[in-house]
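Engineer: In our numbering, the protein residues as written are 7 to 178. From the three backbone atoms N, C-alpha and C, an ideal C-beta is built for every residue, glycine too.
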Amino acid sequence: MRRLRYDCTASLDGFIADPDGGYGWIVEDASIDFDALYAEFDTFVMGRKTWDVMQALGEANPLRGRRVIVASRTLDAAAHPGVTVVRDDIARHVAALKAEPGERDIWLFGGGELAAQLFEAGLVDRLEVALMPVLLSRGIPLLAPGAQQRLALVSSRGLASGILMLTYDVVR
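(1) Only counting runs of 3 or more residues, tell me where the beta strand (DSSP E) segments fall wholly within the stretch 22 to 60, in order along the chain.
(2) Rounding to the nearest angstrom, what Cα-Cα distance links D94 and A84 in this structure?
(3) Identify which residue in G128, W31, A45 has its Cα closest to the Cα of A153.
(4) Considering only DSSP beta bridges, list what R181 is partnered with.
(5) According to DSSP, A77 sits in a beta bridge with which residue or residues?
(6) Helix, strand or coil, according to DSSP, for E126 in the structure here?
(7) Quick check: the Cα distance between L157 and A121, rounded to an integer number of angstroms?
(8) Would you check if the distance between the CB atom of S167 and the CB atom of D35 is smaller than 8 Å?
(9) Report the residue from D175, S17, L43, T49 whose alpha carbon sits nearest the alpha carbon of A102.
(10) Which residue comes first and which comes last in the beta strand (DSSP E) that contains M7?
(11) What's the C-alpha gap between V92 and R79?
(12) Write down the C-beta distance between R185 and E46 rounded to the nearest angstrom, noting that I regard them as a contact closer than 8 Å.
(13) Between E126 and the rest of its own chain, which residues show a CB-CB distance below 6 Å, the 5 nearest in sequence each way excluded?
(14) Along the beta strand (DSSP E) that carries R72, what are the first and last residues, could you check?
(15) Take the Cβ of R11 as the centre, count every other Cβ of all protein chains shown within 10 Å, and call the residue buried at 16 or more, exposed below.
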C-alpha cells in the first residue's frame, strides 16, 4: 500500500508559514535535491490555502502537470482543470488513494488543518520535516490543535545551512 507522507518545512517553534501565510523565512540550501524528492511521489494532497500559494507561483509551480488533490468547499473546480477538488470526506478520498496500486507515495503538502484531520483519521504514515534555524513566534502551526500522535525517529541529518532534516514513522 502506498504511504501518505506529510513532508513540510517548519520553523524551530513549529510553524509552517508566517501569520500572513508567507514563506520568506525559509532558508535555502542547494544540497537539497528537490527533483529527487518530487520523483518519490505521484500524487499531491493539500488544502485550498496551500493550493492558492502554489498557484501564485505561476509557471514556477513544481506541481504543474502532476496529480493534485485539493480539499476545499470553496474552490471552483472548473477554474482549475487538471486538479481534483474534494468537497467533503477528504479522509475517505485519501484512504482510496492509498489503496491504489503504485510504487510512489502520496505527498501531504499541507496545510496544518488538513494534516491534523488526516493524522486523526489514522491515514498519515510518515512525517518528514525540514526544520529551519528560524524562530517565528507566531504563524500557521505544523498541525492544527487536537492532533496527537506518537512518532518513531527514522533518520535525522543536519545540513551546513543549519537545516535539520527529520523523518519519523507514525507509531500505530
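Structural biologist: So, from the data block:
(1) 47 to 53
(2) As a working mapping, residue 94 is identified with position 88 in the sequence shown. As a working mapping, residue 84 is identified with position 78 in the sequence shown. Rounded to whole angstroms, D94 to A84 spans 17 Å at the Cα level.
(3) Position 147 of the sequence shown, counted from the start, is the residue given in the question as residue 153. Closest by alpha carbon: G128.
(4) Shown here, the chain extends from 7 to 178; a query on residue 181 therefore has no answer.
(5) Taking the first residue of the sequence shown as 1, we reach residue 77 at position 71. Note: A77 sits in a beta bridge opposite G53, V92.
(6) Within the sequence shown, residue 126 is the residue found at index 120, counting from 1. In this structure, E126 counts as helix in the three-state DSSP scheme.
(7) Reading the sequence shown from its first residue, position 151 is the one you call residue 157. Reading the sequence shown from its first residue, position 115 is the one you call residue 121. Taking the straight line joining both Cα atoms gives about 15 Å.
(8) Here residue 167 is taken as the residue at index 161 of the sequence shown, counted from 1. Here residue 35 is taken as the residue at index 29 of the sequence shown, counted from 1. Yes, the Cβ-Cβ distance between S167 and D35 is below 8 Å.
(9) The residue given as residue 102 occupies position 96 in the sequence shown. Answer by Cα proximity: T49.
(10) Translated into positions along the sequence shown, residue 7 becomes position 1. Element bounds for M7: n/a, residue is neither H nor E.
(11) Walking along the sequence shown from the start, residue 92 turns up at place 86. Walking along the sequence shown from the start, residue 79 turns up at place 73. Approximately 8 Å, taken between the alpha carbons.
(12) Any answer about residue 185 is impossible in this case: the structure gives the chain only from 7 up to 178.
(13) To locate residue 126, count along the sequence shown from 1; it is residue 120. Answer for E126: A153, listed in chain order.
(14) Numbered from its first residue, the sequence shown carries residue 72 at position 66. Premise fails: R72 is in no beta strand (DSSP E) and is neither H nor E.
(15) Translated into positions along the sequence shown, residue 11 becomes position 5. Under this definition R11 is a buried residue.
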